[in-house]
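Enquirer: Be aware that the sequence shown starts at 14, since it is given in my numbering, and climbs by one per residue. After the structure tokens below, expect a handful of questions from me.
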Amino acid sequence: TNQIIQDFYFSDSGEIEEINFIDTQVLTGKKYIYRVNAVNFVISTEYTYRLPNTTPSGETRVAQTAASNAGDSILVTKEEADENQYTVIEIIYDQFDGTPIKATVRKPDGTIAVIEYTEEEAAELLQEKESEINSDGKQENKEEGTNSPIPGPTALKTKVTVLANTRFNIIETPFFEKTISVFDKPPMFPQVTFLPYQGKADRISILFQSNGGSVKEKVERIKESDREIHNFMAENQGKEITDELVFGNDSLPTQFEALVLDYLPTSYEDFKDSAPLRTNATGKTGFLSFFIEPNKQYYFCFRAIDEGGISNPTEVFRARMVSYSNGIFLDMEAIELRDFKVRDPMTFQKLLKIEPAFRQRNLSFPNIDLDNTSPEELATFYSMAPGLDEFEIGHSIDRNPLTGADPGKVWDKNFKLRIKSKTTSKKIDINFKFKKEKKLVSKPQKEVVKEIMKLQKEIRKATGQKEAPAAAVIGTVSGRSGPVIRRDQYGNAIDEAGNIVPE
Numbered sequence: 014t015n016q017i018i019q020d021f022y023f024s025d026s027g028e029i030e031e032i033n034f035i036d037t038q039v040l041t042g043k044k045y046i047y048r049v050n051a052v053n054f055v056i057s058t059e060y061t062y063r064l065p066n067t068t069p070s071g072e073t074r075v076a077q078t079a080a081s082n083a084g085d086s087i088l089v090t091k092e093e094a095d096e097n098q099y100t101v102i103e104i105i106y107d108q109f110d111g112t113p114i115k116a117t118v119r120k121p122d123g124t125i126a127v128i129e130y131t132e133e134e135a136a137e138l139l140q141e142k143e144s145e146i147n148s149d150g151k152q153e154n155k156e157e158g159t160n161s162p163i164p165g166p167t168a169l170k171t172k173v174t175v176l177a178n179t180r181f182n183i184i185e186t187p188f189f190e191k192t193i194s195v196f197d198k199p200p201m202f203p204q205v206t207f208l209p210y211q212g213k214a215d216r217i218s219i220l221f222q223s224n225g226g227s228v229k230e231k232v233e234r235i236k237e238s239d240r241e242i243h244n245f246m247a248e249n250q251g252k253e254i255t256d257e258l259v260f261g262n263d264s265l266p267t268q269f270e271a272l273v274l275d276y277l278p279t280s281y282e283d284f285k286d287s288a289p290l291r292t293n294a295t296g297k298t299g300f301l302s303f304f305i306e307p308n309k310q311y312y313f314c315f316r317a318i319d320e321g322g323i324s325n326p327t328e329v330f331r332a333r334m335v336s337y338s339n340g341i342f343l344d345m346e347a348i349e350l351r352d353f354k355v356r357d358p359m360t361f362q363k364l365l366k367i368e369p370a371f372r373q374r375n376l377s378f379p380n381i382d383l384d385n386t387s388p389e390e391l392a393t394f395y396s397m398a399p400g401l402d403e404f405e406i407g408h409s410i411d412r413n414p415l416t417g418a419d420p421g422k423v424w425d426k427n428f429k430l431r432i433k434s435k436t437t438s439k440k441i442d443i444n445f446k447f448k449k450e451k452k453l454v455s456k457p458q459k460e461v462v463k464e465i466m467k468l469q470k471e472i473r474k475a476t477g478q479k480e481a482p483a484a485a486v487i488g489t490v491s492g493r494s495g496p497v498i499r500r501d502q503y504g505n506a507i508d509e510a511g512n513i514v515p516e
């Protein structure tokens with residue numbers, strides 16, 4: 014309304030550099046305009062120039078450096094005034110260089126006339142005046158001047174009386190103006206204490222306490238609804254939202270807020286979708302209790318709220334209620350927010366390996382008893398490659414002689430491996446199945462075989478061997494009756510020298 018509510022005056026001096034003033038009569042939430050004016054005490058001098066001229070009737074007129082009050086008097090020349098001996102009433106001088114501008118004269122019949130001096134006449138009068146002053150040496154300061162009927166060739170000597178009056182002035186000038194909103198500073202982040210319940214693994218409480226001190230930092234926005242509050246806070250401090258704001262507990266908090274996640278956050282932005290849990294403050298403290306799932310990690314951050322705005326969040330806390338057979342306890346720590354980086358997978362092979370036993374994966378030959386066979390028969394057995402139906406994977410474990418079924422073998426069966434933590438009682442289930450498959454190696458390309466044969470020849474030549482090494486002869490594949498056919502490891506028919514022969 015621009016209505017002046019109150020005036021305050023402060024004395025100043027050359028030794029005072031700063032004046033601190035606290036206005037204790039303002040109201041919270043109101044806007045005030047403070048206009049600061051400098052009150053200057055000025056001592057000045059007012060000058061009045063008086064030119065005394067005595068007329069026949071004895072009256073005295075004063076010539077000032079202002080416009081003549083002669084009104085619409087008749088204009089006459091200086092020559093006419095000199096010839097007719099008009100009486101000079103007043104002379105108007107230029108206030109800067111003292112040059113005569115005009116003169117008011119009285120005619121013998123009593124009428125008033127005005128002389129306007131030309132530049133030559135004004136220069137001549139000024140020169141005569143200076144000559145008279147120089148001849149006298151010093152102009153006396155008297156109330157009355159020399160009585161001369163007219164200015165002109167006659168020796169007219171005029172003395173001007175200067176009247177000086179001291180004036181005391183008080184001048185008020187604008188110095189400073191600012192619009193101020195009276196609001197509290199936004200609060201500091203609260204102090205929190207996690208309080209578990211004895212014998213309860215599904216419940217936890219938080220004790221809030223108002224934090225002391227003051228800090229200057231940028232606002233940390235979590236939710237979109239924070240934008241309006243942060244703009245309000247910045248406007249109250251006369252700053253932009255990107256500037257650092259002052260946080261401090263200059264008043265009691267009204268509420269405390271908790272934001273909770275059940276996954277690891279990488280920044281405060283991750284809490285934007287968390288439903289805020291708020292509790293009213295009682296003095297400087299607050300209390301909040303809620304239910305949780307045992308043995309599950311939760312992540313918390315907290316804020317305080319008052320009339321001045323909302324605080325920045327606390328650090329992020331990781332907490333869980335650990336419940337196992339030996340008891341219940343709270344596992345809690347403050348964590349550092351950082352971007353999650355994908356790491357190379359870590360294998361579990363050094364600590365855990367799942368594979369069939371050697372007896373389960375070893376080859377068995379049911380058509381021959383290797384322990385009760387003559388050396389000749391063994392030599393014949395080892396010299397030939399068995400057919401796919403002449404061997405099995407795994408030895409007999411619990412074979413039924415009638416059905417041939419062996420429930421002791423692990424092949425083509427579903428298994429579950431459960432790993433349980435001794436500390437947290439958490440479990441990991443691994444489902445797996447062992448499969449077996451017989452494959453007949455297909456005949457390789459002849460180009461590859463030729464390269465192998467060439468390499469074998471070079472080896473024999475370098476070592477001085479005349480026959481192909483035993484490693485090159487795999488065995489025979491036949492019906493165990495008829496001629497023996499030599500084959501290499503790729504299934505090709507070869508002669509005694511190891512060369513491939515057509516079948």
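For every residue, glycine included, the Cβ atom is placed at its ideal position computed from N, Cα and C. Predicted, not measured: the structure shown is a model, and the values here were computed from it.
(1) State the DSSP-derived secondary structure class of Gln19, mapped to helix, strand or coil.
(2) In chain order, what residues of the same chain lie with their CB nearer than 7 angstroms to the CB of Phe245, ignoring the 5 residues before and after it?
(3) Go to Phe245, then tell me how far its alpha helix (DSSP H) extends in each direction, as first and last residue.
(4) Residues in the same chain with beta-carbon distance under 7 angstroms from Arg284, minus the five sequence neighbours each way, listed in chain order, please.
(5) On the DSSP letters alone, give me the boundaries of the beta strand (DSSP E) that Arg180 sits inside.
(6) If you follow the alpha helix (DSSP H) that Gln373 is part of, which residue opens it and which one closes it?
(7) Does the beta-carbon of Asn15 have 16 or more other beta-carbons within 10 angstroms, so that it is buried, or is it exposed?
(8) Distance check for Leu290 and Gln250, CA to CA, integer angstroms please.
(9) Give me the Cα-Cα distance between Tyr22 and Ser194, rounded to the nearest whole angstrom.
(10) Going by DSSP in three states, Phe300 sits in which element: helix, strand or coil?
(11) So, do the stretch 201-219 and the stretch 329-337 have three or more beta carbon pairs nearer to each other than 8 angstroms?
(12) Taking 9 angstroms as the cut-off, decide whether the C-beta atoms of Lys449 and Ile410 are in contact.
(13) Three or more beta-carbon pairs under 8 angstroms between the stretch 362-369 and the stretch 429-448, yes or no?
(14) Would you report the Cα separation of Ser387 and Lys451, rounded to the nearest angstrom?
(15) Give me the Cα-Cα distance between Ile517 and Thr416, rounded to the nearest whole angstrom.
(16) By the three-class DSSP mapping on this structure, what secondary structure does Tyr99 have?
(17) Suppose you measure from the CA of Pro200 to the CA of Gln268; what does that come to, to the nearest Å?
(18) To which residues of the same chain is Phe378 closer than 6 angstroms at the C-beta, ignoring the five residues directly before and after it?
(19) Can you name the start and end residues of the beta strand (DSSP E) that Ile341 belongs to?
(20) Per DSSP, which one or two residues make a beta bridge with Pro289?
(21) Just to confirm before moving on: does the CB-CB distance between Asn325 and Phe202 stay below 9 angstroms?
Expert: Well, looking at it:
(1) coil
(2) Gly322
(3) 239-249
(4) Checking the sequence, you will find Phe at residue 284 rather than Arg. If we look at Phe284 and ignore the five residues flanking it on each side, its Cβ neighbours are Ile235, Leu272, Leu274, Pro278, Cys314.
(5) 174-194
(6) 371-374
(7) exposed
(8) 28 angstroms
(9) 22 angstroms
(10) strand
(11) yes
(12) no
(13) yes
(14) 29 angstroms
(15) Given that the chain is displayed from residue 14 to residue 516, the structure contains no residue 517 and the question cannot be resolved.
(16) coil
(17) 11 angstroms
(18) Phe404
(19) 340-348
(20) According to DSSP, which records beta bridges pairwise, Pro289 is partnered with nothing at all.
(21) yes
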